[in-house]
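In the order they appear, the protein sequences are chains L and U.
Residue numbering for the first sequence follows the numbering used here, starting at 456 and increasing by one per position.
Residue numbering for the second sequence follows the numbering used here, starting at 74 and increasing by one per position.
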Amino acid sequence: MSGAGRFSVLALPALVLGAVLIGLWQALVDGFGIKSWILSSPSEIWRQLTSLFNGIVIATTHTGLNAIVGLVVGVVVALLLAGLCTRLRLLGHAVTPVVGALAAVPIVCTAPLFLFMYGLTSSTPRRAVVAIAAFVPVYLNTIRGLSEMSTVHAELMRSLAADRMQVLRIIRFPGALPHFCTGLRIAASLAVISAVVSEYFGGLQNGLGYFISDQAHNTNYPAAWAAVLAAVVLGLIFFAGAVLIERVLLERRVTTAS
Amino acid sequence: MTFSGRRGTVQALQEIDLSVAAGEFVALIGPSGCGKSTLLRIIADLQVPSSGTVTVAGKSAAQARLDQEYGFAFQQAGLLDWRTVRANIELPLQLHGVDGDARRRRVSELLGLVGLEDFAEHRPPQLSGGMQQRVAIARALAEKPALLLMDEPFGALDEMTRERMQDELVRITDETGAAVLFVTHSIPEAVFLADRVVVMSPRPGRISQVVEIGLGERNADTREAHEFYAAITTVREALRGRLGKGDGDGDGDGALVDSREAL
């Protein structure tokens with residue numbers, strides 16, 4: 456299918472539905488004269504978005520920076536630990552269940568703790584929250600990918616007298632790559648959520664989360680919604696980035712044969 | 074058991090005495106649970122016998138594995154899906170540090186040998202089951218082993234593909250001169266391929282009979298030949314004879330069903 460054809464099949468229905476819903480929303484607010492503190496209309500939100508555009512962009516940049524720094528730290532630590540736990544099995548048996556338990560904890564709940572423990576005037580506590588949130592799915596998916604090896608591949612490598620490092624490099628790492636990418640996609644979304652939500656508990660007043668809660672406090676709901684829209688865009692950018700990395704990695708995996 | 078490869082003998086399993094000459098094709102056949110795969114895997118040092126010692130090509134099985142005295146083809150092709158056909162065949166050479174130029178030359182030869190020149194850059198999921206098995210065989214042959222161990226490599230293929238693969242294997246072993254130890258459930262397959270069919274029976278796994286197959290050079294007419302059917306009958310009777318004397322609890326049913334199916 457051509458690019459345009461694919462687009463019209465995959466994206467067009469969703470775009471049309473979105474446009475219809477926004478139109479209905481606007482008609483509802485206009486038709487019943489609903490006040491903006493009950494339900495803001497799309498046009499009002501758009502107006503706030505354009506008039507506060509620079510401020511929203513700056514806030515988005517701050518939050519995005521926290522998210523990306525935390526994400527990178529979380530991913531790097533997750534990969535190092537997963538690699539180490541694959542080498543040292545006993546360590547893996549100890550670490551993996553603990554991280555699994557951590558997965559059940561809503562990490563953003565710890566944001567106020569980090570904030571007061573590590574400083575109200577720094578971005579570090581927020582980045583730490585993001586890093587932990589991102590670490591969990593990347594570690595768990597990667598460790599699963601690394602430990603999953605089919606019997607036939609294990610026996611093949613044994614019959615070929617391959618050593619452990621060769622098995623790791625030739626079977627386990629490439630085999631774990633799709634799992635890692637799945638973890639990365641989850642982590643990318645979690646990173647943005649954690650970065651925004653961790654701003655709701657005070658501290659530096661420079662990001663999107665603060666912007667949203669501040670505007671909401673001042674009952675400027677359309678402006679708060681405009682910032683929410685920015686958070687959605689930020690989330691999409693992170694997700695798209697993760698998908699792009701996945702494509703590149705899996706594409707390269709095919710050609711890095713020798 | 075004594076098993077002689079080109080460069081020596083193998084001691085494996087009790088009560089079994091068998092030697093395979095250079096370039097000879099030996100098929101192991103028997104009902105499920107008769108230990109034919111286990112025997113193969115012990116020879117390949119994929120499994121360690123609970124007692125006794127094994128020697129392959131004058132070395133312990135472990136040493137023979139480390140020295141890559143054999144190539145192994147599994148029932149599942151066991152290809153790496155993310156690698157191209159070329160890179161899959163190249164794997165043993167890559168593992169053992171063969172340099173790039175020699176590698177490329179050898180892979181080209183092997184692609185020609187198994188007739189997959191046009192598929193060198195394809196990935197395994199794009200290939201049919203028979204083609205995947207051919208890649209696996211090429212991989213097993215990459216380092217020109219004198220011995221090829223094959224564990225029901227065509228077991229998952231349909232009958233027509235299977236016969237074509239058998240023809241291919243006959244040609245390949247003719248060209249490479251490798252000795253083959255071939256585990257199968259199929260009587261016609263064993264008869265068509267092998268110089269000798271080793272019939273095994275279960276509990277404990279042992280050789281019940283060795284059938285010499287004197288069909289000479291295999292070709293398109295072999296499967297139609299009277300001698301072919303006669304040999305099949307001999308092997309089937311060897312399998313059944315064992316059943317008649319056996320413990321009668323239905324152990325060997327698998328083999329009979331298999332053999333009927335295969336015909």
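Note that CB positions come from ideal geometry on N, CA and C, so glycine has one too.
Bear in mind that the values here come from a model prediction, so they are computed numbers and not experimental data.
Fill in: Pairwise C-alpha distance: M273(U) and L595(L)
Those two C-alpha atoms are separated by around 47 Å.
Discussion item. Taking contact to mean 3 or more Cβ pairs, one atom from each stretch, closer than 8 Å, check whether the segment 179-195 of chain U and the segment 108-118 of chain U are in contact.
Written reply: In this structure the segment 179-195 of chain U does not touch the segment 108-118 of chain U; the number of beta carbon pairs closer than 8 Å is below three.
Item to complete: Note the first and the last residue of the continuous alpha helix (DSSP H) segment covering R627(L).
Response: Where R627(L) is concerned, there is no enclosing alpha helix (DSSP H), given that its DSSP letter is neither H nor E.
Practice prompt. Evaluate P226(U) with the Cβ neighbour count: other Cβ atoms within 10 Å of its Cβ, from every protein chain shown; 16 or more gives buried, anything less gives exposed.
Written response: Counting Cβ neighbours within 10 Å, P226(U) comes out buried, since at least 16 surround it.
Practice prompt. Establish whether the CB of R207(U) and some CB of chain L are separated by less than 7 Å.
Written response: Chain L contact via Cβ: absent.
Discussion item. Assuming A609(L) and G696(L) are in contact, meaning their beta carbons sit under 8 Å apart, how far apart are those beta carbons, in whole angstroms?
Written reply: Taking the Cβ atoms as the reference, A609(L) lies roughly 35 Å from G696(L), outside the contact range of under 8 Å.
Discussion item. For a contact defined as C-beta to C-beta under 8 Å, what are the partners of A588(L) on chain U?
Written reply: Against chain U, a Cβ distance below 8 Å from A588(L) picks out nothing, because the smallest value is about 30 Å.
Discussion item. Using CA atoms only, rank isn't needed, just tell me which of V129(U), Q167(U), V187(U) and G103(U) is closest to I245(U).
Written reply: The shortest C-alpha separation from I245(U) is found at V187(U).
Worksheet entry | Cβ distance (whole Å) where R291(U) is taken to contact F265(U) below 8 Å | Taking the Cβ atoms as the reference, R291(U) lies roughly 6 Å from F265(U), within the contact range of under 8 Å.
Worksheet item: Are the C-beta atoms of Q621(L) and some chain U residue less than 7 Å apart?
Response: By this cut-off, Q621(L) is an interface position.
Worksheet entry | Every unbroken beta strand (DSSP E) within the segment 253-311 of chain U, with a cutoff of 3 residues, ordered by chain | If one requires a minimum length of 3 residues, the beta strand (DSSP E) runs lying completely within the segment 253-311 of chain U are 269-274 and 279-285, in chain order.
Discussion item. Can you tell me whether R542(L) is buried or exposed? The criterion is at least 16 other CB atoms within 10 Å of its CB, across all chains shown.
Written reply: Taking a 10 Å sphere around the C-beta of R542(L), we find fewer than 16 other C-beta atoms and assign the residue as exposed.
Practice prompt. Provide the residue span of the alpha helix (DSSP H) that contains V553(L), from first to last.
Written response: Counting along the chain, the alpha helix (DSSP H) containing V553(L) begins and ends at R544 to A558.
Worksheet item: So is Q149(U) in contact with chain L if we call contact Cβ pairs under 7 Å?
Response: Yes - at least one Cβ of chain L is within 7 Å of the one on Q149(U).
Worksheet item: Taking Cβ positions only, does F145(U) come closer than 7 Å to chain L?
Response: So yes, F145(U) belongs to the interface.
Worksheet item: Based on the DSSP secondary-structure assignment, which residues constitute the bridge partners of I102(U)?
Response: In the DSSP assignment, I102(U) is bridged to T257(U) and V272(U).
Practice prompt. Under 8 Å by Cβ, that's how I've got A679(L) and I692(L) pegged, so tell me the actual separation to the nearest angstrom.
Written response: So it is not a contact: roughly 20 Å between Cβ atoms.
Discussion item. Counting only C-beta atoms, is P165(U) closer than 7 Å to chain L at any point?
Written reply: Judged by the 7 Å Cβ criterion, P165(U) is in contact with chain L.
Practice prompt. Enumerate in chain order the residues of its own chain whose CB-to-CB distance from G658(L) is below 6 Å, with the five nearest sequence positions on each side excluded.
Written response: For G658(L), where only same-chain residues beyond five positions count, the Cβ hits under 6 Å are L570 and L575.
Worksheet entry | Enclosing beta strand (DSSP E) for A146(U) [first to last residue] | Counting along the chain, the beta strand (DSSP E) containing A146(U) begins and ends at Y143 to A146.
Fill in: Under 9 Å from the C-beta of E610(L): neighbouring residues of chain U
For E610(L), the residues of chain U that pass the 9 Å Cβ criterion are R114, A117, L119, F145, F147 and G151, in the order they occur in the chain.
Worksheet item: Who does S133(U) pair with in a DSSP beta bridge?
Response: Bridge pairing for S133(U): T128(U) [DSSP].
Discussion item. Quick check: the Cα distance between G325(U) and T257(U), rounded to an integer number of angstroms?
Written reply: Only weak support is given to the placement of G325(U): the predicted model assigns it a pLDDT of 33, under 50, and the value that follows is read from those uncertain coordinates. Computed Cα separation, rounded: 15 Å.
Item to complete: Establish whether the CB of L615(L) and some CB of chain U are separated by less than 7 Å.
Response: The beta carbon of L615(L) sits closer than 7 Å to some beta carbon of chain U.
Practice prompt. Under 8 Å between beta-carbons, which chain U residues line up against R708(L)? List them in chain order, please.
Written response: Within chain U, the residues near R708(L) are W155.
Worksheet item: Taking the alpha-carbon positions, what's the R269(U) to V283(U) distance?
Response: When rounded, the distance between both Cα atoms is 7 Å.
Item to complete: Give the range of the beta strand (DSSP E) segment to which M223(U) is assigned.
Response: Boundaries of the beta strand (DSSP E) around M223(U): L220 to D224.
Discussion item. Quick check on the DSSP output: what are the complete alpha helix (DSSP H) runs of length 4 or more inside the segment 165-200 of chain U, in order along the chain?
Written reply: Listed in chain order, they are 173-186.
Worksheet item: I think E216(U) touches T157(U), with their Cβ atoms under 8 Å apart; what is that distance to the nearest whole Å?
Response: About 19 Å; that fails the 8 Å criterion.
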